[in-house]
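Working notes for the structure below.
There are 2 protein chains.
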Amino acid sequence: MGDAFTIGRLARDTGTKVPTIRFYEEIGLLGTPIRTASGHRRYGSGDVRRLAFIRSARKLGFSTEEIRSLLGLTEHPEQSCGAASDIARRHLGEVERHIEQLIKLRDELRAISTVCPGSNVSDCGVIAAIAHSPA
Amino acid sequence: MGDAFTIGRLARDTGTKVPTIRFYEEIGLLGTPIRTASGHRRYGSGDVRRLAFIRSARKLGFSTEEIRSLLGLTEHPEQSCGAASDIARRHLGEVERHIEQLIKLRDELRAISTVCPGSNVSDCGVIAAIAHSPA
DNA sequence: CCTACAATCTCCAGTCACTATAGATTCAAG
DNA sequence: CTTGAATCTATAGTGACTGGAGATTGTAGG
Numbered sequence: 001m002g003d004a005f006t007i008g009r010l011a012r013d014t015g016t017k018v019p020t021i022r023f024y025e026e027i028g029l030l031g032t033p034i035r036t037a038s039g040h041r042r043y044g045s046g047d048v049r050r051l052a053f054i055r056s057a058r059k060l061g062f063s064t065e066e067i068r069s070l071l072g073l074t075e076h077p078e079q080s081c082g083a084a085s086d087i088a089r090r091h092l093g094e095v096e097r098h099i100e101q102l103i104k105l106r107d108e109l110r111a112i113s114t115v116c117p118g119s120n121v122s123d124c125g126v127i128a129a130i131a132h133s134p135a
Numbered sequence: 001m002g003d004a005f006t007i008g009r010l011a012r013d014t015g016t017k018v019p020t021i022r023f024y025e026e027i028g029l030l031g032t033p034i035r036t037a038s039g040h041r042r043y044g045s046g047d048v049r050r051l052a053f054i055r056s057a058r059k060l061g062f063s064t065e066e067i068r069s070l071l072g073l074t075e076h077p078e079q080s081c082g083a084a085s086d087i088a089r090r091h092l093g094e095v096e097r098h099i100e101q102l103i104k105l106r107d108e109l110r111a112i113s114t115v116c117p118g119s120n121v122s123d124c125g126v127i128a129a130i131a132h133s134p135a
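So the protein sequences, as listed, match chains A and B. Sequential numbering from 1 applies to the first sequence in full-length UniProt numbering. Sequential numbering from 1 applies to the second sequence in full-length UniProt numbering.
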C-alpha cells in the first residue's frame, strides 16, 4: 500500500476533472481526504475505486442522490442486494420511458426536416411544423 | 381583436407556469408586454401563438438559443427555410445520438438488474456490475 | 361600500451537476 | 535558484426553470 495519489493523479486515473473531485467531496460523495503539511489532498487506492464507481454510475445516468444510496448500501452488505437492484430497476424504467419519448421526438423531427430539405423555396413548413407539433 | 390576456390566462392557455412566462420575457424570448395602469402585464393573441411555439419547440428538445434563432428567422421569411431546416436536422442528429447512447445504457441496466432479481442473497452483483460497467 | 380572497407584482434564492475563473501558494525539475 | 506546473480557497456562471416572501391589485359576494 505505498499508494499515494495527488488530486491530479486521481483525476487522470479516473477521467474526472479536478474541480469535480473537490465538488464530490463538498457534497459528501467522497470523504475528506488526509492532507499534506502544506494542505494538499492525498488519496489512496480506496478513493480511486470509490471515485471510479461514482463516475461509472453517473455515466449510467444515476443521480448523485441515487449514488449516495448505492454507496450507503455497500456499508450494509447484509441487505444490499434487494435495495440495490430496486434502485437499478427503477432507473431502468426511467431510461426506457426516456427512450420511448425520444423516439417519438425523432420521428417528429424527421417529418419536420423533410418538409423542406434545404432548398431555397421561400416559404417552407419547418417553422409551422414545429408550431403545430403535438409534442 | 378585442383579445386581452392576463399572465394567468396566457399561462392556462399554453400550459406554461406564470414564472416561466416572466422568465421568457427576462431572457428575451417574449417581448416586454404592455402594462395596465397598475402594472399588470397584458397580452394579445400574438403572444399566445409565440409562447405556444416556444413551448412546442422546448418539448421537441430545442434549446432556448435554438428557439431564439428560429424566432429570428420568422422575421426574415425570405431566407428562413434553409436555415430553419438546418437547425432541425442538426437537432435531429443530436437526438439520434442520444437515443443510441440510451439504448446501450438500457442494455447495461437490464444486465445489471437481472444479476440479482430482488432475492435475499447477501452478496449480489449489482454494485459490482455498476462499478465495472464499461460506460 | 366593505370584506375576503385570488391573482399579480418584484426580487431573490434554490435546483442539478458540474465548470471556470482569480489570486495565492507550493511542488518538482533543471 | 528559477521557472512553470499543480494545487489551494473562494466565488460565480451555466441552462431552464421553480418556488417563496412580502406587497399590491383585481374581483365577487353580501
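Each residue gets a CB set at the ideal place from its N, CA and C atoms; glycine is no exception. Model, not experiment: these values are computed from the prediction.
Using a Cβ-Cβ cut-off of 8 Å, state whether residue 95 of chain A counts as contacting chain B. yes
Considering only C-alpha positions, which residue in the set B/26, B/43 and B/112 is nearest to residue 81 of chain A? In terms of CA proximity to residue 81 of chain A, B/112 leads the group B/26, B/43 and B/112.
Taking 8 Å as the cut-off, decide whether the C-beta atoms of residue 102 of chain A and residue 99 of chain B are in contact. yes
Classify residue 67 of chain B: buried if its beta carbon has 16 or more other beta carbons within 10 angstroms, exposed otherwise. buried
Use the C-beta contact count for residue 108 of chain A: other C-beta atoms within 10 angstroms, 16 or more gives buried, fewer gives exposed. buried
Based on Cα-Cα distance, which residue from B/39, B/48, B/4 and B/37 lies nearest to residue 141 of chain B? Here chain B has residues from 1 to 135 only, and residue 141 of chain B is not among them.
For chain A, find out if any of its Cβ atoms is closer than 8 Å to the Cβ of residue 5 of chain B; answer yes or no. no
Cβ atoms of residue 12 of chain A and residue 96 of chain B: under 8 Å apart, would you say? no
Between which two residues does the alpha helix (DSSP H) carrying residue 7 of chain A extend? 7 to 14
Output yes or no for whether 8 Å exceeds the beta carbon distance between residue 86 of chain A and residue 44 of chain A. no
Could you tell me which residues DSSP puts in a beta bridge with residue 35 of chain B? B/41
Residues of chain B with CB under 7 Å from residue 61 of chain A, in chain order? In chain order: 105.
I need the straight-line Cα distance from residue 39 of chain A to residue 7 of chain A, nearest angstrom please. For residue 39 of chain A and residue 7 of chain A, the gap between their C-alpha atoms comes out near 12 Å.
Using a C-beta to C-beta distance shorter than 7 Å, which residues of chain A count as neighbours of residue 99 of chain B? Within 7 Å Cβ-Cβ: 99, 102, 103 and 106.
Leaving out five residues on either side along the sequence, give the residues of the same chain with a beta carbon under 8 Å from the beta carbon of residue 69 of chain B. 83 and 87
For residue 52 of chain A, collect the residues of the same chain with a Cβ closer than 6 Å to its Cβ; drop the 5 residues on either side in sequence, then sort them by chain order. 14
Hey, is residue 10 of chain A's beta-carbon within less than 8 Å of any beta-carbon in chain B? no
Does the Cβ of residue 122 of chain B have 16 or more other Cβ atoms within 10 Å, making it buried, or fewer, making it exposed? Here residue 122 of chain B scores only 49 on pLDDT, less than 50, and its place in the model is too uncertain to base an answer on.
If you draw a straight line from the C-alpha of residue 54 of chain A to the C-alpha of residue 10 of chain A, how long is it? 13 Å
What residue range is occupied by the uninterrupted alpha helix (DSSP H) comprising residue 73 of chain A? 64 to 74
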